[in-house]
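So the structure is just underneath, and the comments pick up after that.
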Amino acid sequence: MAAMDTESAPLTLESLPTDPLLLILSFLDYRDLINCCYVSRRLSQLSSHDPLWRRHCKKYWLISEEEKTQKNQCWKSLFIDTYSDVGRYIDHYAAIKKAWDDLKKYLEPRCPRMVLSLKGGYHHLFCRGGNRIKEVK
Numbered sequence: 107m108a109a110m111d112t113e114s115a116p117l118t119l120e121s122l123p124t125d126p127l128l129l130i131l132s133f134l135d136y137r138d139l140i141n142c143c144y145v146s147r148r149l150s151q152l153s154s155h156d157p158l159w160r161r162h163c164k165k166y167w168l169i170s171e172e173e174k175t176q177k178n179q180c181w182k183s184l185f186i187d188t189y190s191d192v193g194r195y196i197d198h199y200a201a202i203k204k205a206w207d208d209l210k211k212y213l214e215p216r217c218p219r220m221v222l223s224l225k226g227g228y229h230h231l232f233c234r235g236g237n238r239i240k241e242v243k
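Here the sequence shown stands for residues 107 to 243, where the numbers follow our numbering.
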């Protein structure tokens with residue numbers, strides 16, 4: 107009788123065990139992962155699983171394990187904080203940051219004084235009257 111009950115019970119996404127569900131969630135992009143937080147309590151907990159956000163932090167923001175340790179935040183918080191800061195550039199940020207890091211790595215042994223003269227990256231540039239640019243960090 108119990109076998110018949112389990113056979114007739116509808117199979118839902120949430121009735122899956124945790125590991126297969128985490129595997130499914132690993133294929134979602136960051137937007138869909140955020141939306142999973144609003145579906146149910148279980149999907150909210152699973153979509154906050156740190157390794158899922160690690161992938162997105164590395165893909166979009168090139169955040170290293172060392173940077174994560176320095177900031178003392180979970181991967182999801184790092185993703186959200188960075189997104190709130192530079193999210194409008196998400197499609198280009200990784201390429202720009204990689205080019206900047208490569209330039210610094212190239213210049214360090216060859217022109218150390220030039221590297222010291224480089225200013226930190228600009229998070230947002232705002233034009234305020236004329237061509238004056240203000241750095242916001």
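Glycine residues also receive a C-beta, built at the ideal position from the N, C-alpha and C atoms.
Computed from a predicted structure; not experimentally measured.
TODO: Grab the span of the alpha helix (DSSP H) containing residue 208 for me, first residue to last.
DONE: For residue 208, the enclosing alpha helix (DSSP H) covers residues 199-216.
TODO: Provide the residue span of the alpha helix (DSSP H) that contains residue 188, from first to last.
DONE: Unbroken alpha helix (DSSP H) run through residue 188: 181-192.
Open item on the list: Is the separation between the beta-carbon of residue 150 and that of residue 143 shorter than 9 Å?
Closed with: Yes, Cβ-Cβ distance for residue 150 and residue 143 is below 9 Å.
- [ ] Pick out whichever of 123, 124 and 183 has its Cα sitting closest to the Cα of residue 156.
- [x] Considering only alpha carbons, the answer is 183.
Open item on the list: Please classify residue 145 as buried or exposed, where buried requires at least 16 other C-beta atoms within 10 Å of its C-beta.
Closed with: Exposed: under 16 other Cβ atoms inside 10 Å.
Task: C-alpha gap between residue 164 and residue 119, whole angstroms - done: Cα to Cα, residue 164 sits roughly 28 Å from residue 119.
Task: Pairwise C-alpha distance: residue 220 and residue 123 - done: Cα to Cα, residue 123 sits roughly 55 Å from residue 220.
TODO: Could you have a look at residue 130 and say whether DSSP puts it in helix, strand or coil?
DONE: DSSP places residue 130 within a helical segment (H, G or I) once states are collapsed to three.
TODO: Reducing DSSP to helix, strand and coil, say where residue 164 ends up.
DONE: Here residue 164 sits in helix by DSSP.
Task: Helix, strand or coil at residue 118 [DSSP, three-state] - done: In this structure, residue 118 counts as coil in the three-state DSSP scheme.
TODO: Could you tell me whether the Cβ atoms of residue 199 and residue 159 are closer together than 9 Å?
DONE: A distance of 9 Å or more separates the beta carbons of residue 199 and residue 159.
Task: residue 237 classed as buried or exposed, judged by whether at least 16 other C-beta atoms fall within 10 angstroms - done: Any answer about residue 237 is weak, because its pLDDT of 41 lies below 50 and its placement is not dependable; what the coordinates show is given next. Flag for residue 237 reads exposed.
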